[in-house]
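Residue numbers (the UniProt record's numbering): 1 to 185.
In what follows, a single structure is set out as structure tokens and then discussed.
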Amino acid sequence: MKITRFLPLVFVLLAGSIIVLAMRAESTAVISPLQGQSIPEFSLASLENEQLTMTETSLTGEIQLLNVWASWCGVCKSEHPLLMDLAQQDKVRVIGLNYRDDRLAALKELQQSGNPYQAVIFDPKGSLAIDLGVYGTPESYLIDQHGVIRHRYVGALTRQIWEREFAPILKQLSVSGSLRESSDG
Numbered sequence: 001m002k003i004t005r006f007l008p009l010v011f012v013l014l015a016g017s018i019i020v021l022a023m024r025a026e027s028t029a030v031i032s033p034l035q036g037q038s039i040p041e042f043s044l045a046s047l048e049n050e051q052l053t054m055t056e057t058s059l060t061g062e063i064q065l066l067n068v069w070a071s072w073c074g075v076c077k078s079e080h081p082l083l084m085d086l087a088q089q090d091k092v093r094v095i096g097l098n099y100r101d102d103r104l105a106a107l108k109e110l111q112q113s114g115n116p117y118q119a120v121i122f123d124p125k126g127s128l129a130i131d132l133g134v135y136g137t138p139e140s141y142l143i144d145q146h147g148v149i150r151h152r153y154v155g156a157l158t159r160q161i162w163e164r165e166f167a168p169i170l171k172q173l174s175v176s177g178s179l180r181e182s183s184d185g
């Protein structure tokens, strides 16, 4: 009789443990409602040049990795070496989205750590980040040549994550882009 009284508690604890383990095993790749959609419209200044306005068309023409970061983000520093490697390999155009940051602090961070970005969008109020559904920093989006979001990852990128989640999509986009370009000519 006393054992049956504790069965619901045992069931809840067991179910909770299974859920926690399943969540830990999951990738932090997030299916975004924007996945498969064009990057939202925006008009924001470049971090490096306040006079230069960047828009959604700045994210078209070639495959790009949009990386959401901030100078105050400690976790962002852990993925910085990988971003530097990706920029040097020239397999993907790396664009920064500087999120809710101080312009001078962000510029100082890039000067001290190196700048992996071919361009940096300055989003001090987080307006583009909100439209993208950003949870926090860092986050990364793989965007195709047409400005369509193909993949989203929440958290710091590592080599393993890049190879497992981004590289296959990048390869597929590169092949389909080359085929499309050769059939156009």
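Where is the CB? At the ideal position from N, CA and C, for every residue including glycine.
Cβ neighbours of residue i in the same chain (closer than 6 Å, five flanking residues each side left out)
| i | result |
| --- | --- |
| S78 | A156 |
| N115 | none |
| residue 187 | In the structure displayed, the chain extends from 1 to 185; residue 187 sits before or after that span and is not available. |
Residues near residue i by beta carbon distance below 7 Å, same chain, minus five either side
| i | result |
| --- | --- |
| H146 | T60 |
| Y135 | V154 |
Cβ-based burial, residue i [other Cβ within 10 Å; buried from 16]
| i | result |
| --- | --- |
| T158 | exposed |
| V20 | The pLDDT assigned to V20 is 43, lower than 50, so where the model puts this residue is not dependable; a value taken from the coordinates is nonetheless given after this. Exposed, because fewer than 16 other Cβ atoms sit within 10 Å of the Cβ of V20. |
| R5 | exposed |
Separation of residue j from residue i, as counted between CA atoms
| i | j | result |
| --- | --- | --- |
| V75 | S176 | 34 Å |
| L170 | S38 | 17 Å |
| D144 | W72 | 29 Å |
| E50 | Q172 | 36 Å |
| L132 | P138 | 13 Å |
| A105 | Y99 | 12 Å |
| L110 | D102 | 13 Å |
| L97 | I149 | 15 Å |
| residue 186 | A167 | The chain is shown from 1 up to 185; residue 186 falls before or after that span and cannot be answered. |
| L52 | L107 | 16 Å |
| A70 | E165 | 23 Å |
| S58 | E163 | 26 Å |
Selection from the options that minimises the alpha carbon distance to residue i
| i | options | result |
| --- | --- | --- |
| L47 | A119, S113, A129 | A119 |
| Q35 | F166, G114, L142 | L142 |
| P33 | R164, E163, E165, R152 | R152 |
| E56 | Q88, A87, W69, L128 | L128 |
| S140 | E163, S58, V68, Q112 | V68 |
Contacts around residue i, its chain only, beta-carbon distance under 8 Å, and the 5 residues preceding and following it disregarded
| i | result |
| --- | --- |
| Q130 | Rather than Gln, the amino acid found at residue 130 in this sequence is Ile. Answer for I130: no residue qualifies. |
| S113 | K77, H80 |
| M54 | F42, S43, L44, A45, S46, A119, I121 |
CB contact check: residue i to chain B, cutoff 7 Å
| i | result |
| --- | --- |
| A105 | In the displayed structure, chain B is absent; only one protein chain is listed. |
*Three CB pairs or more closer than 8 Å across the segment 73-85 and the segment 37-50*: The segment 73-85 and the segment 37-50 do not touch, with fewer than 3 CB-CB distances between them shorter than 8 Å.
Checklist entry - So, do the segment 158-173 and the segment 118-131 have three or more beta carbon pairs nearer to each other than 8 Å? => result Flag = no, the segment 158-173 and the segment 118-131 do not touch.
(Q) Between the segment 89-98 and the segment 47-64, can you find at least three pairs of beta-carbon atoms closer than 8 Å? (A) Touching, per the Cβ criterion.
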